[in-house]
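Colleague:
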Amino acid sequence: MKTRQLGSKLNVSALGLGCMGMSEFYGSHDDSVSLRVMARAVELGIDFFDTADMYGPHHNEELIGRFLKEAKAPLKIATKFGINRKPGEYKRTIENSRQYARQACEASLKRLGLDYIDLYYVHRVNPEQPVEDVMGELSRLVEEGKIGNIGLCEINESTLRRAHAVHPIAAVQTEYSLWSRDVENAILPACRELGIGFVPYSPLGRGFLTGSFNSETEFEEGDFRANLPRFSKEALLINEGIAKVITKAAHQKKCTPAQLSLAWLLAKGNDIVPIPGTKRLKYLEENAAATEIELTSDEVQALEAEIARIPVVGERYTPEGMKGLNA
């Protein structure tokens, strides 16, 4: 698989693996299957795994730690801190203090079984805690060799510039897909001006862009999409028009809707590294094959023009999940 660079020094596979769903949020999960998915990802050339301490909480980092110990695969690991929540609860608080950043990093290193984290993100920014403070502590962790690169998630342009002035940011991670394109207005151009890579999460719209959902969809127990405004029956009646456009374009391109959606993102710039998440081998292999699909500028423009005719209905998260977005 081809590689791409995030920031000035982090070289990773053009497609990463989002591991969140292996622990929660999307219904049931099976650790043994997840470990096989990780092993297959390595075989396919994917060397960039994304996790966070709040996935589980903690289970996801521990699971990746098990894989790293057994497989001894040469991977680049990205993890995150800053969202606190109790097991089984969606309610969260956002913590960015210097002390907490160091404490969280040490705990993640232990769970992962590593002495170095390739990319360490502030998962959400608390606007009441100056970003300069946490950046100062993260820069010390870089100096101590505990983290290699610093990242920020769901950040606004102003906060990004303030943070980058303290220490270079390697990557910004924010939702970005054919039905979530707000980043194109300010944050993505700012990243490009500053030489910062961009990591789109939920590049398949939490599965929506694959054409797998409609207004009649019933979600499995434990699947948080059941409560997301964009996945309400009323919203899906309109939003499913977007998926139909993608499905039609994919048929013309002789690929799947998921592959077309990922190919579109990959075509938006060499500084973009999507991290589609999956806990199934079938979807992993399908996603990886998207790196071989090339869209022309005309194809990209035609796809965007068709989708632009359809309004996106519903917020990305519930009010609780919106905490820390665009901070």
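Every letter in the sequence shown is one number past the one before it in the working numbering, and letter 23, counting from 1, is 409.
Note that CB positions come from ideal geometry on N, CA and C, so glycine has one too.
Considering only residues of the same chain and omitting the five flanking positions on each side of Ile-432, which have a CB-CB separation below 7 Å?
Modeller: These residues qualify, in order along the chain: Met-387, Ser-399, Leu-401, Gly-402, Leu-403, Ala-674.
Colleague: Does DSSP put Phe-453 in a helix, in a strand, or in coil?
Modeller: If DSSP states are grouped into helix, strand and coil, Phe-453 belongs with the helices.
Colleague: Would the region 408–424 and the region 661–673 be scored as touching if the rule is three or more Cβ pairs under 8 Å?
Modeller: They touch, by the three-pair rule.
Colleague: Report the CB separation of Ile-541 from Val-552 in whole angstroms; it is logged as a contact under 8 Å.
Modeller: About 13 Å; that fails the 8 Å criterion.
Colleague: How many whole angstroms separate the CB atoms of Ala-653 and Val-686, which I take to be in contact at a CB cut-off of 8 Å?
Modeller: Yes, they are in contact, since the Cβ atoms of Ala-653 and Val-686 sit about 5 Å apart, within 8 Å.
Colleague: Lys-532: buried (16+ other C-beta within 10 angstroms of its C-beta) or exposed?
Modeller: It counts as buried.
Colleague: Where does the unbroken alpha helix (DSSP H) through Asp-684 begin, and where does it stop?
Modeller: Unbroken alpha helix (DSSP H) run through Asp-684: 683–694.
Colleague: I think Gly-537 touches Tyr-507, with their Cβ atoms under 8 Å apart; what is that distance to the nearest whole Å?
Modeller: That belief holds up - the Cβ atoms of Gly-537 and Tyr-507 are roughly 4 Å apart, short of 8 Å.
Colleague: Just mark Pro-660 as buried or exposed, buried being the case when its beta carbon has 16 or more other beta carbons within 10 Å.
Modeller: Buried.
Colleague: Go ahead and label His-637 buried or exposed: buried means 16 or more other beta carbons lie within 10 angstroms of its beta carbon, across all protein chains shown.
Modeller: Per the 10 Å Cβ criterion, exposed.
Colleague: Roughly how far, in whole angstroms, is the beta-carbon of Ala-487 from the beta-carbon of Asp-439, given that I think they are within contact range, below 8 Å?
Modeller: Not confirmed; about 11 Å, so no contact.
Colleague: Whole angstroms are fine: how far does the CA of Ala-691 sit from the CA of Phe-434?
Modeller: If I take the Cα positions, the gap works out to 32 Å.
Colleague: Would you list the residues sitting across from Ser-494 in a DSSP beta bridge?
Modeller: According to DSSP, which records beta bridges pairwise, Ser-494 is partnered with nothing at all.
Colleague: Helix, strand or coil for Glu-561? Go by DSSP, reduced to three states.
Modeller: Looking at Glu-561 - three-state DSSP - the assignment turns out to be strand.
Colleague: Taking Ile-693 as the reference, which of Ala-427, Gly-707, Leu-595 has the closest Cα?
Modeller: Ile-693 has its Cα closest to that of Leu-595, out of Ala-427, Gly-707, Leu-595.
Colleague: Need the endpoints of the beta strand (DSSP E) that Val-714 sits in, please.
Modeller: Beyond the ends of the chain as shown, which are 387 and 713, falls residue 714; an answer cannot be given.
Colleague: Alpha carbon to alpha carbon, how far is Leu-454 from Ser-525? Give it in angstroms, no decimals.
Modeller: Cα to Cα, the separation comes out at about 26 Å.
Colleague: Quick one: grab the DSSP three-state call for Pro-460.
Modeller: Coil, per DSSP.
Colleague: Label Pro-662 either buried or exposed according to how many other C-beta atoms from any shown protein chain fall within 10 Å of its C-beta, with 16 as the threshold for buried.
Modeller: Answer is buried; the Cβ neighbour count reaches 16.
Colleague: Have a look at Leu-681 and Met-424 and give me their C-alpha separation to the nearest angstrom.
Modeller: Approximately 28 Å between the Cα atoms of the pair.
Colleague: So, for Ala-612: in the same chain, excluding its five sequence neighbours on each side, which residues have a beta-carbon less than 6 Å away from its beta-carbon?
Modeller: Around Ala-612: Phe-605.
Colleague: Where do the N-terminal and C-terminal ends of the alpha helix (DSSP H) with Pro-575 fall, by residue?
Modeller: Residues 573–580.
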